[in-house]
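In my numbering, the protein residues as written are -5 to 743.
If you want it as structure tokens, here you go:
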């Protein structure tokens, strides 16, 4: 039976994509051409400012080669976006470039660079070991060469892992209860894509028997469930042996977690105040926030003044700090360099000015806390542009092209994209700020975040990644709880403390940063009371703020205002389990007013974003330049010539504008026709002189020692330039005076 091809993809291009040899040599330019021809501009609707890994796209195409031919462009778009949105730098499927290349900074990436699975198996197993693996995983082998065995075993294990999408317990097949319990604990307590320390296994097993730990780890290593970590990165910061789990990649949301005791969902909420769900779907709140930003309502607070010695002090250079506190550290002992174990606090201040938060609150209907929370989240999505550092104004502007792409993207993709940004990229911990401001005993603040001045390689992006790691930990915990059921937070909190007290430290250790009391005394994470008022309080705040604003949970509060019960909603289940299904009704934003495209001048048109206008938006970006107003474009000589050079035809332009309901104006049609009529023609210029030199050094010398630079019109090659005809005599005289012997040729008729 002949395969149907995805609407909008040229058959030749599709064959090119699905041919593995051609795909390996595929250039970025060719890939973008194919996607644009399919009506999928901006690389699958990803927000402007993000860089896409070519290897990542190729891996997705290979993985789904059998499905792609029957996909519509919309389904193809969803496939690419959903796959890439699960990955960040350091992975072969990585999507985002390093944070430094993005307009708005993001937290450090999570995934280290891992070797291909076949390479790991090749290093760990001989042919006999591979055959034993095949028996364990019930893989039928053919041939005897080790290379063939490697491919078959790697494929078989990968297929077993893929079954977890429909049956999470598939990854536990063949394991004893003790082995399965350890894996469940690992999948919950630790990010499955990061190397984990051997000491954690001993802690999770809750045993002091080193022999028992060694035997279990060796059994799991023999069966390729884990293996020694083969990557080095800043994740490995403990003096310990590190292991890596099976390469789960985007399967992480489907891995089986801890089976929590049913005691957690006993009891009622009769004595509690059940809070109402979020008043707005998150996507609608994001749009309101961005609409307010268009009015200039978003203003960043001014950073705290730096200490006079900050520029020369490595533990102050990259960090915002309290200058007075830094001075006290410098003066801690006269004439002596501060002890590297000394600490300084990380200021926990909301990112917006109080006035800006108040204005946003009035314009959007969101709470001030949610307005603060939105800023770094929307920044991580690259939908806003940070103000230049040298400007007095701290007003944040909307990135219009990114905003257009955002509004033209289906709601499911947008909500999933926000969720991934919250879990992996947000450059600040606003929930940590909100938690730290909560009082303890009605007086002092709950905690401070302190960092060691001796941790020279510790950066704000890495601290932000720690907060992202804590969010990811919380979602792994919630994934194992039943939806639509009231869960006791005090009981769950006790379970979490017993599972992994140091859950806030994923990438760094307590030697690098820690929590402290208001007076600076260290809070000990291994003590339940200290943990409750720091890490536990942050987790509680994340539930009561972020997850409530996502619509993922509903909370019931005790009489003192603390979290008593939580319930996972249908939206929460959709987010936590990475479902490929329509959005639950409570998360669907109301449609924006459908403003049709229109001409706002003879050469300027406006295209309000909409998912059904992706192709016209792509054409508009290629044909015009951004105008002063959002979603507007204007024709210029440069933009038209650029579009013609890209192969855009007048017939296509006219057809697209007609289809959009705004036929080309007389002025626009005239300008395009005029430039198209001249485009590519040979042009002959008279009255000009060319100067040719024997080498490049002679040209540089003449430019430096004569008036030649004032007569240059254009440079044709490294030793050939075009100069004004009226400057020839003076230049010849200057060259002769400096010992050159120029040869002058008169033009022939």
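Glycine included, each C-beta is placed from N, C-alpha and C at the ideal position.
Nothing here was measured: the structure is a model prediction, and the numbers come from that model.
Residue i to residue j span [Cα, whole Å]
i           : j           : result
residue 544 : residue 413 : 8 angstroms
residue 724 : residue 740 : 16 angstroms
residue 47  : residue 279 : Low per-residue confidence applies at residue 47: pLDDT is 49, beneath 50, and the placement is therefore not dependable, though the value from the model is reported in the following sentence. Those two C-alpha atoms are separated by around 30 angstroms.
residue 374 : residue 102 : 12 angstroms
residue 590 : residue 394 : 18 angstroms
residue 569 : residue 288 : 29 angstroms
residue 714 : residue 700 : 16 angstroms
residue 316 : residue 301 : 8 angstroms
residue 450 : residue 506 : 9 angstroms
residue 221 : residue 115 : 9 angstroms
residue 733 : residue 720 : 22 angstroms
residue 43  : residue 291 : Note on residue 43: pLDDT 31, under 50, position unreliable in the model; the coordinate value appears next. Near 23 angstroms, if we compare the C-alpha coordinates of residue 291 and residue 43.
residue 135 : residue 142 : 9 angstroms
residue 772 : residue 738 : With the chain represented from -5 up to 743, any question about residue 772 goes unanswered, as that position is not in the structure.
residue 371 : residue 429 : 18 angstroms
residue 622 : residue 628 : 9 angstroms
residue 735 : residue 729 : 7 angstroms
residue 616 : residue 665 : 16 angstroms
residue 445 : residue 336 : 8 angstroms
residue 129 : residue 138 : 15 angstroms
residue 355 : residue 219 : 50 angstroms
residue 731 : residue 688 : 18 angstroms
residue 260 : residue 397 : 45 angstroms
residue 104 : residue 466 : 11 angstroms
Beta-carbon gap between residue i and residue j smaller than 7 angstroms
i           : j           : result
residue 559 : residue 546 : no
residue 464 : residue 498 : yes
residue 191 : residue 236 : yes
residue 574 : residue 661 : no
residue 369 : residue 345 : yes
residue 167 : residue 283 : no
residue 440 : residue 501 : no
residue 706 : residue 717 : yes
residue 516 : residue 508 : yes
residue 710 : residue 703 : no
residue 658 : residue 648 : yes
residue 189 : residue 238 : yes
residue 633 : residue 619 : yes
residue 381 : residue 98  : no
residue 564 : residue 578 : yes
residue 277 : residue 417 : no
residue 170 : residue 480 : no
residue 154 : residue 251 : no
Residue i - partner residues in DSSP beta bridges
i           : result
residue 376 : Answer is none; residue 376 lacks a bridge partner.
residue 497 : Beta-bridge pairing links residue 497 to no other residue.
residue 706 : 717
residue 442 : 510
residue 627 : 599 and 620
residue 750 : For residue 750 there is no data in the structure shown, the boundaries of the chain being -5 and 743.
residue 293 : 389
residue 190 : 237
residue 683 : 717
residue 412 : In the DSSP output, where bridge partners are listed per residue, residue 412 has none listed.
residue 339 : 444
Proximity winner among the options, relative to residue i (alpha-carbon distances)
i           : options               : result
residue 111 : 129, 152, 104 and 710 : 152
residue 249 : 290, 113, 427 and 181 : 181
residue 485 : 209, 729 and 557      : 557
residue 400 : 619, 606, 251 and 269 : 606
residue 145 : 160, 157, 127 and 162 : 127
residue 542 : 213, 269, 196 and 253 : 269
residue 582 : 458, 689, 405 and 668 : 405
residue 447 : 121, 304 and 193      : 304
residue 646 : 609, 491, 472 and 664 : 609
residue 364 : 427, 245, 336 and 256 : 427
residue 471 : 154, 149 and 258      : 258
residue 173 : 198, 161 and 184      : 198
residue 240 : 528, 113 and 652      : 113
Rounded Cβ spacing between residue i and residue j (contact assumed at less than 8 angstroms)
i           : j           : result
residue 109 : residue 224 : 5 angstroms
residue 571 : residue 247 : 6 angstroms
residue 548 : residue 536 : That pair is no contact at about 15 angstroms.
residue 455 : residue 421 : 7 angstroms
Residue i: CB within 6 angstroms of a non-hydrogen atom of the ligand MN
i           : result
residue 553 : For the structure depicted, the ligand MN is absent and the ligand set is empty, with no information on it obtainable.
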